[in-house]
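To keep things clear, I will list the structure first and then write my remarks on it.
Numbering (my numbering), first residue to last: 2 to 423.
If you want it as structure tokens, here you go:
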């Protein structure tokens, strides 16, 4: 495993099904639970998953500045990403919820559905200036609950020196990627590294192939969906992708790329801090190749959004909390955070400036423009779909099932589970 065992900000989390099932039930009880702890009117708490340095210190600097602007002190409560939701639920039951919670985009629908979040427009945060993707990312069922400071997606990283040596241009279509990956496979080096775990790391990486091909998580057995899985299987069968990808996280794929065991990889901008530790590596990034030249590359959008939990006992605090959220997500704040943390600002002006300041990551700005949220169509049911896709990936890549059978079973699995709950 990777030395950096933490989850970089905004990368996808492994599904936490039991926790989420409990989330709705617990949040519905919020309003009537326990005696709310007395609050210091001059101290506000923001909960996030920024436990690691330098992220924690960067966060505190901007929180201090926004607190000063609002005339309050801001305490940062950072908990490991996989513990954030359970911790928030425990705090809810004791009436001591933080004033602002930075929620992973895939967790937001659960909290919103249960009535645990205040719509930001009700608190005076306008949505007129937001791009469609920014609005969609922070919304659930058409209501805007979460303001994102920065987001991320996936791209195709390549070893520029190796491709130049082989006389290969960065691929833009599936056919070009197939031939390039084959040509770049030599000795211990594979053409392409990916993550194909059954958890969210692997599912997140499968989505660009699925979506760009017109496939859909709601129709996993469609020809377009099956074809996307068939394409990945064909790269492994051809020997261009290691069969070990079924065990690789995204950090593992990055390690293989750095070690020279892969000429290209699918990964996200959160790998930047690790890549920058290897100045000898001559890399660049392009958008993920599409089925046919000219198709739109559709990848998942990841990240976190600042939300204001319903504060039944201290409703006046919601207004100040919203002012803090507004301050934390200005165009200037987005640009500053994205440049430091290698994510992408959602504000169009900030994104343009970011492309000029960090040209090597400009392709991610383009990728984010057409990216979409995993929960956009299926909302709180995303984990059911994710689990089914992850199972299909593993079955097809280990040769236990044909892509068609694997996706057919995934579709049946989803239908029985979702219908069972409706």
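In this text, a Cβ means the ideal position worked out from N, Cα and C, and glycines have one as well.
It should be emphasised that the depicted structure is a prediction, and the values quoted were computed from it without experimental measurement.
Residue from the options whose Cα sits closest to the Cα of residue i
i: residue 62; options: 379, 329, 364 and 375; result: 329
i: residue 150; options: 102, 190 and 157; result: 102
i: residue 278; options: 77, 286 and 256; result: 256
i: residue 235; options: 167, 201, 397 and 121; result: 397
i: residue 165; options: 285, 73, 79 and 292; result: 285
i: residue 198; options: 245, 359 and 369; result: 245
i: residue 203; options: 400, 406, 388 and 421; result: 388
i: residue 317; options: 54, 123, 49 and 209; result: 123
i: residue 100; options: 321, 182 and 392; result: 321
i: residue 323; options: 201, 119, 354 and 206; result: 119
i: residue 394; options: 115, 416 and 207; result: 207
i: residue 190; options: 176, 144, 258 and 248; result: 258
i: residue 77; options: 71, 50 and 157; result: 50
i: residue 375; options: 369, 368 and 383; result: 383
i: residue 66; options: 314, 331, 357 and 351; result: 331
i: residue 115; options: 233, 411 and 146; result: 146
i: residue 55; options: 269, 274 and 247; result: 274
i: residue 386; options: 163, 104, 205 and 117; result: 205
Anticipated Cβ contact below 8 Å, residue i with residue j, distance rounded
i: residue 172; j: residue 290; result: 5 Å
i: residue 126; j: residue 93; result: So it is not a contact: roughly 22 Å between Cβ atoms.
i: residue 380; j: residue 141; result: 7 Å
i: residue 294; j: residue 159; result: With 8 Å as the limit, residue 294 and residue 159 do not qualify as a contact, their Cβ atoms being about 18 Å apart.
i: residue 106; j: residue 305; result: 7 Å
i: residue 98; j: residue 344; result: Incorrect: roughly 26 Å between the Cβ atoms, too far for contact.
i: residue 134; j: residue 302; result: 6 Å
i: residue 225; j: residue 215; result: 4 Å
i: residue 75; j: residue 88; result: Rounded, the Cβ-Cβ distance is 18 Å, inconsistent with contact.
i: residue 137; j: residue 373; result: 7 Å
i: residue 309; j: residue 319; result: 6 Å
i: residue 355; j: residue 346; result: 5 Å
i: residue 283; j: residue 161; result: 5 Å
Residue i versus residue j: straight-line alpha-carbon distance, rounded
i: residue 342; j: residue 307; result: 17 Å
i: residue 429; j: residue 333; result: Nothing about residue 429 can be reported from this structure: the residues present for the chain run from 2 to 423 only.
i: residue 271; j: residue 153; result: 8 Å
i: residue 252; j: residue 187; result: 22 Å
i: residue 155; j: residue 404; result: 23 Å
i: residue 29; j: residue 95; result: Bear in mind that a pLDDT of 49 at residue 29, under 50, signals an unreliable position, so the model cannot answer this.
i: residue 230; j: residue 419; result: 23 Å
i: residue 413; j: residue 211; result: 18 Å
i: residue 129; j: residue 139; result: 14 Å
i: residue 371; j: residue 362; result: 16 Å
i: residue 26; j: residue 112; result: Low confidence applies here, because residue 26 scores a pLDDT of 47, under 50, leaving its location unreliable; read the following figure in that light. Each residue's Cα considered, the two are about 10 Å apart.
i: residue 45; j: residue 60; result: 14 Å
i: residue 260; j: residue 39; result: 54 Å
i: residue 406; j: residue 220; result: 14 Å
i: residue 501; j: residue 195; result: Because the chain is modelled from 2 through 423, residue 501 falls outside the range shown and cannot be assessed.
i: residue 296; j: residue 213; result: 7 Å
i: residue 281; j: residue 73; result: 46 Å
i: residue 182; j: residue 193; result: 6 Å
i: residue 299; j: residue 365; result: 12 Å
i: residue 84; j: residue 53; result: 14 Å
i: residue 408; j: residue 399; result: 14 Å
i: residue 417; j: residue 222; result: 14 Å
i: residue 48; j: residue 237; result: 42 Å
i: residue 360; j: residue 402; result: 42 Å
i: residue 70; j: residue 64; result: 10 Å
i: residue 167; j: residue 377; result: 41 Å
i: residue 184; j: residue 175; result: 14 Å
i: residue 43; j: residue 315; result: 13 Å
i: residue 22; j: residue 132; result: Bear in mind that the predicted position of residue 22 carries a pLDDT of just 46, short of 50, making it too unreliable to give a figure here.
i: residue 200; j: residue 411; result: 14 Å
i: residue 209; j: residue 179; result: 16 Å
i: residue 86; j: residue 335; result: 24 Å
i: residue 177; j: residue 157; result: 13 Å
i: residue 392; j: residue 233; result: 15 Å
Endpoints, the alpha helix (DSSP H) within which residue i is located
i: residue 325; result: 316-329
i: residue 282; result: Residue 282 -> no alpha helix (DSSP H), and no H or E assigned at all.
i: residue 353; result: 349-358
i: residue 255; result: 251-259
i: residue 195; result: Premise fails: residue 195 is in no alpha helix (DSSP H) and is neither H nor E.
i: residue 294; result: No alpha helix (DSSP H) contains residue 294, which DSSP labels as neither H nor E.
i: residue 336; result: 332-342
Boundaries of the beta strand (DSSP E) in which residue i is found, first to last residue
i: residue 375; result: Per DSSP, residue 375 belongs to no beta strand (DSSP E) and is neither H nor E.
i: residue 103; result: 101-105
i: residue 385; result: Note, residue 385: premise wrong, no beta strand (DSSP E); alpha helix (DSSP H) at 383-398.
i: residue 1; result: The chain is shown only over 2 to 423; residue 1 falls outside these bounds and no answer can be derived.
i: residue 268; result: 263-268
So within the segment 108-176, which uninterrupted alpha helix (DSSP H) runs reach at least 4 residues, ignoring any that extend past its ends? 109-114, 133-138 and 161-166
Going residue by residue through the segment 208-239, where are the continuous alpha helix (DSSP H) segments of at least 4 residues, counting only ones entirely within it? 224-238
Any chance you could list the alpha helix (DSSP H) runs of at least 4 consecutive residues sitting entirely within the segment 49-75, in chain order? 56-71
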